[in-house]
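**Student:** Line by line, the protein sequences are chains A and B.
Residues in the first sequence are numbered from 1 upward in steps of one, following my numbering.
Residues in the second sequence are numbered from 1 upward in steps of one, following my numbering.
Cβ atoms here follow ideal geometry from the backbone N, Cα and C, with glycine treated the same way.
One structure coming up, written as C-alpha cells, with questions to follow.
2 protein chains.
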Amino acid sequence: MNTVHIMEFQEMMKSLYFHRDSERGIKGTYEWLVDEVGELGEALEKKDIDAAEKEFADVIAWLASLANITGIDLERAAVNKYSGKCPKCQKSPCQCTF
Amino acid sequence: MNTVHIMEFQEMMKSLYFHRDSERGIKGTYEWLVDEVGELGEALEKKDIDAAEKEFADVIAWLASLANITGIDLERAAVNKYSGKCPKCQKSPCQCTF
Chain A
1 MNTVHIMEFQ EMMKSLYFHR DSERGIKGTY EWLVDEVGEL GEALEKKDID
51 AAEKEFADVI AWLASLANIT GIDLERAAVN KYSGKCPKCQ KSPCQCTF
Chain B
1 MNTVHIMEFQ EMMKSLYFHR DSERGIKGTY EWLVDEVGEL GEALEKKDID
51 AAEKEFADVI AWLASLANIT GIDLERAAVN KYSGKCPKCQ KSPCQCTF
C-alpha cells in the first residue's frame, strides 16, 4: 500500500486495534493520544527527524483509533471542515488577519 | 472532494497555511496542535459528538501543518509504520500481550 485514503487508514486501525481500543475506552485511548503527541514534541525538540517521523505515524494512528471508538469518520470530518479553502476566511491561501 | 489521501490532505494544508505555519515555526505550530488535542478532549468529555467531529478535523489539520513545516510526509510515515499489521506483534488483529 503506497498511498492511502484517510478512511482506509482509519479502517486499518479498526482491524488492528478496535478490540483493544473499545475495551480501554475513550478516556484511556485519548490519554494515549496525548502521550504520543508529547513524544512527538520531544522528538521535534531534539531535532530528531527519524524519531519525529515515527511519532507522526503514532499520532495519526491513535487519532484514528480514537475516532473508531467514538464512531466518527475522520476523513469525512476533515473534508467537511477543510474543503480547499480556509474555513474562517474562505480563501486559499488563507488570508485571515489575526 | 469526497475522499482524500492523507497526502492530498497534507498538500491542501500546505496550500492553505504554509506561509503562516512556517513563519510561526515548529514550536508554535506544535503548541497549536497540543491546544487542539485539548479541545478534542473537552468535547469528548462533554460527550458532544458534533464538537468532537470538528476537533478531530482540527487535530489532523494541525498535524498536517506541523508535518509540512517539519518536512515530513505524513502518509509515508503512517504507511511505513502501519502497513496492515501491528508493528509490534506483526499480526492483524493485534495480539500483543501487555
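Answer with yes or no whether the minimum CB distance from Cys86/A to chain B is below 7 Å.
**Tutor:** Against the first sequence, residue 86/A aligns to sequence position 86. Chain B, which has a Cβ nearer than 7 Å to the Cβ of Cys86/A, makes this yes.
**Student:** Near His5/B, what residues of its chain come up, given a Cβ to Cβ distance below 7 Å and the 5 sequence neighbours on each side ignored?
**Tutor:** In the second sequence, residue 5/B corresponds to position 5, counting from 1. Within the same chain, His5/B has close Cβ partners Glu75.
**Student:** Note down, in chain order, every chain A residue with its Cβ under 7 Å from the Cβ of Ile6/B.
**Tutor:** By 1-based counting over the second sequence, the position of residue 6/B is 6. Neighbours of Ile6/B on chain A, chain order: Val4, Ile6 and Phe9.
**Student:** Establish whether the CB of Ser22/A and some CB of chain B are separated by less than 7 Å.
**Tutor:** For the purposes of this step, residue 22/A is taken as the residue at position 22 of the first sequence. No, no contact with chain B.
**Student:** Closer than 7 Å, CB to CB, is Ala43/B near chain A or not?
**Tutor:** In the second sequence, residue 43/B corresponds to position 43, counting from 1. Judged by the 7 Å Cβ criterion, Ala43/B is not in contact with chain A.
**Student:** For Lys102/B, which residues in chain A fall below 8 Å Cβ to Cβ?
**Tutor:** Residue 102/B is absent from the structure shown; chain B starts at 1 and stops at 98.
**Student:** Starting from Asp73/A, follow the alpha helix (DSSP H) in both directions and report where the run begins and ends.
**Tutor:** Indexing the first sequence from 1 puts residue 73/A at position 73. Run containing Asp73/A: none; DSSP gives neither H nor E here.
**Student:** Just checking: is the beta-carbon of Lys14/A within a distance shorter than 7 Å of some beta-carbon in chain D?
**Tutor:** Any reference to chain D falls outside this structure, whose protein chains are A and B.
**Student:** Report yes or no: do the stretch 42 to 57 of chain A and the stretch 43 to 55 of chain B share at least 3 C-beta pairs separated by less than 8 Å?
**Tutor:** Output reads no: the stretch 43 to 55 of chain B does not touch the stretch 42 to 57 of chain A.
**Student:** So, does the CB of Ile69/B fall closer than 7 Å to a CB anywhere in chain A?
**Tutor:** Mapped onto the second sequence, residue 69/B falls at position 69. No, its Cβ sits nowhere closer than 7 Å to a Cβ of chain A.
**Student:** Measure the alpha-carbon distance for Tyr17/A versus Ile60/B and round it to whole angstroms.
**Tutor:** Counting from one through the first sequence, the residue named residue 17/A turns up at place 17. Counting from one through the second sequence, the residue named residue 60/B turns up at place 60. Distance between the alpha carbons of Tyr17/A and Ile60/B: 19 Å.
**Student:** Within 10 Å of its beta-carbon, does Glu23/A have 16 or more other beta-carbons around it, so buried, or fewer, so exposed?
**Tutor:** Within the first sequence, numbered from 1, the residue matching residue 23/A stands at position 23. Looking at its Cβ environment, which holds fewer than 16 other Cβ atoms inside 10 Å, Glu23/A is exposed.
**Student:** Can you tell me the Cα-Cα spacing of Thr63/B and Asp35/B, whole angstroms?
**Tutor:** Indexing the second sequence from 1 puts residue 63/B at position 63. Indexing the second sequence from 1 puts residue 35/B at position 35. The question names Thr, but residue 63/B in the sequence shown is Leu. One C-alpha to the other measures close to 12 Å.
**Student:** What residues of chain B sit near Ser92/A, judged by a beta carbon separation below 7 Å?
**Tutor:** For this step, residue 92/A is matched to residue 92 along the first sequence. Correct list: Ser15 and Leu16.
**Student:** Quick one: give me the first and last residue of the alpha helix (DSSP H) that Lys88/B is part of.
**Tutor:** On the second sequence, residue 88/B is found 88 positions in, with the first residue counted as 1. Element bounds for Lys88/B: n/a, residue is neither H nor E.
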